[in-house]
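Undergrad: Numbering (my numbering), first residue to last: 23 to 236. No residue lacks a Cβ here, since even glycine has one placed at the ideal position from N, Cα and C.
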Amino acid sequence: MQLRSVNIGQERSIQNGKRTETTGIYKLPVTTPVAATPLGLTGDAVVDVENHGGVDQAVYVYGAPDYAWWSAQVGFDLEPGTFGENLTIDDVESASLNIGDILYVGAAVLQVTAPRIPCSTLAARMGDPGFVKRFRAAERPGAYCRVLQAGIVQVGDPVTLERYAGETITLVEMFRDFYDPHPSAETIRRHLAAPIAARARNDIQEKARRAGIV
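#1: If distances are taken between C-alpha atoms only, which option among L63, D199, L193 comes closest to A18?
#2: Looking at C-alpha atoms only, which residue of N38, G106, A207 is the closest neighbour of Y166?
#3: Keeping to the same chain, check which residues put their C-beta closer than 7 Å to that of I111; ignore five residues upstream and five downstream.
#4: Using a Cβ-Cβ cutoff of less than 6 Å, which residues in the same chain neighbour R147 once the five nearest sequence positions on both sides are dropped?
#5: Nearest CA to the CA of A145: which residue from R156, D70, A136, E101?
#6: Do G65 and V77 have their CB atoms nearer than 8 Å?
#7: Counting beta carbon pairs with one atom in the stretch 175-190 and one in the stretch 120-130, are three or more of them shorter than 8 Å?
#8: Report the option in A136, R212, P151 whose CA atom is closest to the CA atom of R221.
#9: What's the C-alpha gap between H204 and T53?
#10: Do you know whose CA, among Q32, R34, N38, lies nearest D150's CA?
#11: Does A130 come out as helix, strand or coil in the three-state DSSP assignment?
#12: To the nearest angstrom, report how far apart E33 and N108 are at their CA atoms.
#13: For the alpha helix (DSSP H) containing Y89, name the first residue and the last one.
#14: What do you reckon, are the CB atoms on D88 and R162 nearer than 8 Å?
#15: Which residues in the same chain have their Cβ closer than 6 Å to the Cβ of L119, if we skip the five residues on either side of it in sequence?
#16: What are the boundary residues of the beta strand (DSSP E) that V169 is part of?
#17: Just to confirm the assignment, what range does the beta strand (DSSP E) spanning S27 have?
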């Protein structure tokens with residue numbers, strides 16, 4: 023596996039329905055070395071800090087095979103960074119990743135913590151009001167990662183996948199479970215036992231509380 027693209031973005035305005043918002047979703051490829059830190063890539067803007075960024079969602083990874091699939095769906099080539107990801111990786115698909123998996127990218131070490139949940143900003147970025155539904159149905163969410171070891175990353179770096187040694191929850195399974203308002207006690211247990219992102223943990227704990235499970 024290889025790092026196809028490193029993408030960073032600056033704050034800019036976007037028209038989201040009737041609202042004009044500030045976003046960091048517009049990422050552009052860079053060819054220079056970039057530091058992956060516990061809070062993300064150096065120089066990359068995170069605007070919606072309620073839903074994005076932080077130590078558990080520091081880096082967003084998307085696979086080139088998933089982009090190829092999307093390009094076929096929309097009828098034109100999607101460039102790396104289109105979905106707002108920081109790292110575009112060859113030979114990695116959302117369906118192949120598990121929560122807790124380790125990605126060695128250049129000098130950095132990342133751990134998969136959660137799927138990306140689509141929002142209206144992504145739909146606005148794509149110019150398609152129905153894109154949130156399309157993204158959900160496609161089940162190719164890409165992966166948020168925490169940075170276990172900070173380091174420099176650059177286009178062309180080798181990428182190595184190390185499987186999580188604990189009980190497996192696939193990235194796509196967690197993506198589906200996000201939309202289930204009434205997860206089973208077993209689903210809740212498995213999620214809480216996994217190294218999931220804090221926002222995802224809060225979500226599953228709230229569902230458990232409403233169900234009287236925890």
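TA: Taking the coordinates as given:
#1: In the structure displayed, the chain extends from 23 to 236; residue 18 sits before or after that span and is not available.
#2: Nearest C-alpha to Y166: G106.
#3: M23, L25, R26, V83, G85, A86, V181
#4: These residues qualify, in order along the chain: I47.
#5: R156
#6: In this structure, the beta-carbon distance from G65 to V77 does not fall below 8 Å.
#7: yes
#8: A136
#9: 45 Å
#10: N38
#11: strand
#12: If you take the alpha carbons of E33 and N108, they lie about 15 Å apart.
#13: 86-96
#14: yes
#15: V134, A165, L193
#16: Element bounds for V169: 165-171.
#17: 25-30 is the extent of the beta strand (DSSP E) around S27.
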